[in-house]
Structures are given as C-alpha cells and as structure tokens.
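Presented below is the structure to which this report refers.
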Amino acid sequence: MIMKGKKGVILGIANKKSIAYGIAKSCEEQGATVAITFLNERFQEKLAPIADELNCSERLYPCDVSKPEEIVALRESLKKDLGEIDFIVHSIAFAPKEGLSGRFVDISKEAFDIAMDISVYSLIELARELKPIMSDSSSILTLSYYGGVKYIPNYNLMGVAKATLEMTVKYLAEDLGKDGIRVNAISAGPIKTLAAAGIGDFSFMLKWNAAHAPLKKNITIEQVGNSGMYLLSDLSSGVTGEIHYVDGGYNIMGMPAVEFDENGKPHIAWNGEN
Ligand code: NAP
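Using the working numbering, read the sequence shown as starting at 6 and increasing by one per residue.
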C-alpha cells in the first residue's frame, strides 16, 4: 500500500474517462484517503457514483477555480474533514473554442485571459491557499501536454498555456521546496476525454501519436494514474520541478520511424490501435 496514510484532494474529474479519475483510482487503490471536487451543481450528481467508488462520498466539494472564494472554501472543508493533506492533483484546463482551432493570430485577449486563468493561474492559487494545511512532506501534481513545448496543429492557445504551466511548475517547485512541498507535472500523450474533444482534429492526433510513439500505441488513464500516484507518493521524495512524460515515448522522436515495402516505397508504421 504505497499511499497508506496519505490524504489529498483531486480536482478535475468530469467522468470515468478523465485523467484525474485514473490518478484518483490508483491513489485510492494504494491506500490513500481522497477528496474530489466538482465544478457546479450540474456535475455534483454525475460525480456521486464516482465518489462512492472512491470511498469519498462525504468528501465531495464544489470548486470552480475561477472563483477565489471557492478555493478558500475548499481549504476550510479539507481542514475540517481531513486536517492536514499530503497531496493536490490539479487536472484542470479550459480554453474557449476559438483558441483550439483556426488561426493563432486571431485569438482574442478575452480567450487568452480565460485560458491562462483557469489552466495556469489556478495552480498557483491552489498552492498558495492550500499551503497552510499541507504537510511538510507533500506533493502537488498538474497535467501538461507536448503542445506546450513544440507546435501541435490546433492546440494553439492551450499550447501557450501549457508552456506557462510547465514553467510555473518549476518556479513553484523552487519556492515551495523549503516548505517540504514538491511540485511536478505529467506530460501525457493524447487521450480521448471531454476536454480533448474540444481540440480540432483530435482523432488524427491520436492516430499520429500511436503511429510514431516508440511503444506504437496510445496511453491510458490507468498508465497516467499509476505514474501520477508515484509522483504523489514518497517513492518520488527526491523529485520536484519535473515534467515527466507519459506518452509512449513520443517526445523522444526527432523523425518518424519509416518502414519500406517490397518495392522500397516508404510508409509509416502503424498497428491501427488508438
Ligand atoms: P476532462 O476529463 O474534461 O477534465 C478536465 C477537467 O477540468 C474537468 O473536470 C473540468 O470540469 C475541469 N475544469 C474546467 N474548468 C474548470 C474550472 N473553472 N474549475 C474547476 N474545474 C474546471 O479532460 P482531461 O483530458 O482529463 O484533462 C485533464 C488535464 O489533463 C487537463 O489539464 C488537460 O489539458 C490535460 N491533458 C489532457 C490530455 C488529453 O489528451 N486528454 C493530454 C495531456 C494533458 P467540468 O468537466 O466539470 O467542466
């Protein structure tokens, strides 16, 4: 039981396809006591069976990260119900539709500000507001994507947000290290989730990744969940400020591996799996 005795909160479960659900499941299976959050009442009911499964029905709290008072209220609920906590999972991102397709140059300031506020600033705000109840051996984890490092078609505004998020992880890691708080990110390969459905041509991204990643298939929320659990646990007690790739190795590729048919014609290897 790697997470026995650990208590923490997981933000960003929309349904059972969410990456945050994969992380919560792995933590709970390894003995952690988890709390989860929902965006608004519409989602509270939808999350009830998931809370039940994760043994946290009495720790299902509202938290829209764009509302500072809800982050403060979350801290107070956690303090009352759990006392100290050992981990936070920030698995949240949002960009208005206009930022996820079309021409990058046309992105409005309003869309830019919303994406940065919800996808990046919320990590800083959560860390600051929940710090008073974090133990001196705790861990914060957020979720990134390779589109924050290199250009990915249609990822547009979210690419800029993820680049900012990855640097935020490093600056937070330095600042909070002296308090015994580690901060890391997982850069996950593409997975079909609600948030991903908003990205233009996402199914092509899935095919491309499976074709070109060394492991020749896409990753699952269980795989991200287990790596996330490791980064939240004491097994990774010497790791902070890290962007850990869980992407089937896609990020190491400088050029797609090409196979040649009997006529010497090149084609891209793909086993058809998504
Ligand atoms: P998801 O299931 O749709 O999760 C996104 C979560 O963000 C949802 O629970 C959503 O809540 C929540 N959220 C949005 N705005 C919020 C707000 N103002 N306050 C609180 N919560 C808010 O999608 P996911 O793919 O698992 O995404 C989780 C994280 O992984 C994101 O940071 C995403 O960028 C990252 N990621 C995803 C992929 C991928 O391919 N799927 C790859 C790499 C990284 P509601 O659903 O209730 O609106």
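Don't be surprised by glycine CBs; every beta carbon is placed ideally from N, CA and C.
> In the DSSP assignment, what residue or residues form a beta bridge with PRO137?
Replying inline: Paired residues: none, contrary to the question.
> Touching or not, the stretch 105-115 and the stretch 139-154, by the rule of three or more beta carbon pairs under 8 Å?
Replying inline: With the cut-off at 8 Å, the stretch 105-115 and the stretch 139-154 do not touch.
> Does the Cβ of ASN223 have 16 or more other Cβ atoms within 10 Å, making it buried, or fewer, making it exposed?
Replying inline: Residue burial annotation: ASN223 is buried, with at least 16 other C-beta atoms found within 10 angstroms of its C-beta.
> CB-CB under 8 Å to SER140, same chain, minus the five flanking residues each way: which ones, in chain order?
Replying inline: So the qualifying residues of the chain are GLU89, ILE90, ASP91, GLY185.
> In three-state terms, what does DSSP make of PHE207?
Replying inline: PHE207 falls in the helix class under three-state DSSP.
>> Using only Cβ atoms and a threshold of 5 Å, which residues come within that distance of a heavy atom of the ligand NAP? Order them by chain position.
In response: The set, ordered by position in the chain, is GLY17, ALA19, SER23, ILE24, LEU44, PHE48, ASP69, VAL70, SER71, SER96, ILE97, ALA98, PHE99, ILE123, LEU148, TYR150, ALA193, PRO195, ILE196, THR198, LEU199, ALA200, ALA201.
> Across which residues does DSSP place GLU264 in a beta bridge pair?
Replying inline: HIS272.
> Counting only runs that start and end within the stretch 147-196, where is the alpha helix (DSSP H) found for 4 or more residues in a row?
Replying inline: Entirely contained in the stretch 147-196, the alpha helix (DSSP H) runs reaching 4 residues are, in chain order, 161-182.
> If you draw a straight line from the C-alpha of ILE138 to the C-alpha of VAL110, how long is it?
Replying inline: Cα to Cα, ILE138 sits roughly 42 Å from VAL110.
> To which residues of the same chain is GLY182 closer than 7 Å at the C-beta, ignoring the five residues directly before and after it?
Replying inline: So the qualifying residues of the chain are THR245.
> Alpha carbon to alpha carbon, how far is ALA120 from ASN268?
Replying inline: In this structure, the CA atom of ALA120 is about 49 Å from the CA atom of ASN268.
> Nearest to CYS61 by CA position, among CYS68, ASP69, LEU52, is which residue?
Replying inline: Ranking CYS68, ASP69, LEU52 by Cα distance to CYS61 puts LEU52 first.
>> If you follow the beta strand (DSSP E) that LYS12 is in, where does it begin and where does it stop?
In response: First-last of the beta strand (DSSP E) with LYS12: 12-16.
>> Tell me which residue opens and which closes the beta strand (DSSP E) that PRO219 is part of.
In response: Note, PRO219: premise wrong, no beta strand (DSSP E); not H, not E.
> What are the residues that DSSP puts in a beta bridge with PRO67?
Replying inline: Bridge partners of PRO67: PHE43.
> Does the separation of the CB atoms of VAL229 and ILE24 fall below 8 Å?
Replying inline: Yes. Within cutoff.
>> What does DSSP give as the partner residue(s) for SER143 in the beta ladder?
In response: Per DSSP, ILE186.
>> Taking the alpha helix (DSSP H) that VAL92 belongs to, which residues open and close that run?
In response: The amino acid at residue 92 is misidentified as Val; the sequence shows Phe. No alpha helix (DSSP H) holds PHE92; the beta strand (DSSP E) holding it covers 90-95.
> Which residues does DSSP pair with VAL251 in a beta bridge?
Replying inline: Paired residue(s): ALA193.
> Roughly how many angstroms lie between the CA atoms of ILE193 and SER242, to the nearest whole one?
Replying inline: Rather than Ile, the amino acid found at residue 193 in this sequence is Ala. For ALA193 and SER242, the distance between alpha carbons rounds to 21 Å.
> So is HIS249 buried or exposed if we call it buried at 16+ other beta carbons inside 10 Å?
Replying inline: The residue is buried, with at least 16 neighbouring Cβ atoms inside 10 Å.
> If you drop the 5 nearest sequence neighbours on each side, which residues of the same chain put their C-beta closer than 8 Å to that of TYR255?
Replying inline: Excluding residues up to 5 positions away in sequence, TYR151, GLY194, ASN214, HIS217, ALA218, PRO219 lie with their Cβ nearer than 8 Å to the Cβ of TYR255 in the same chain.
> For the alpha helix (DSSP H) that CYS61 lies in, which residues bound it at each end?
Replying inline: It is not in any alpha helix (DSSP H) - CYS61 carries neither H nor E in the DSSP assignment.
> Going by C-alpha distance, which of THR225, ASP266, ASP122, ASP239 is nearest TYR26?
Replying inline: Answer by Cα proximity: THR225.
> If you draw a straight line from the alpha carbon of ASP252 to that of SER232, how long is it in whole angstroms?
Replying inline: Answer to the nearest angstrom: the Cα atoms are 11 Å apart.
> I think VAL188 touches ILE145, with their Cβ atoms under 8 Å apart; what is that distance to the nearest whole Å?
Replying inline: Between ILE145 and VAL188 the Cβ distance is about 5 Å, and since that is below 8 Å, they are a contact.
> Could you give the residue range of the alpha helix (DSSP H) that holds GLY230?
Replying inline: Unbroken alpha helix (DSSP H) run through GLY230: 226-237.
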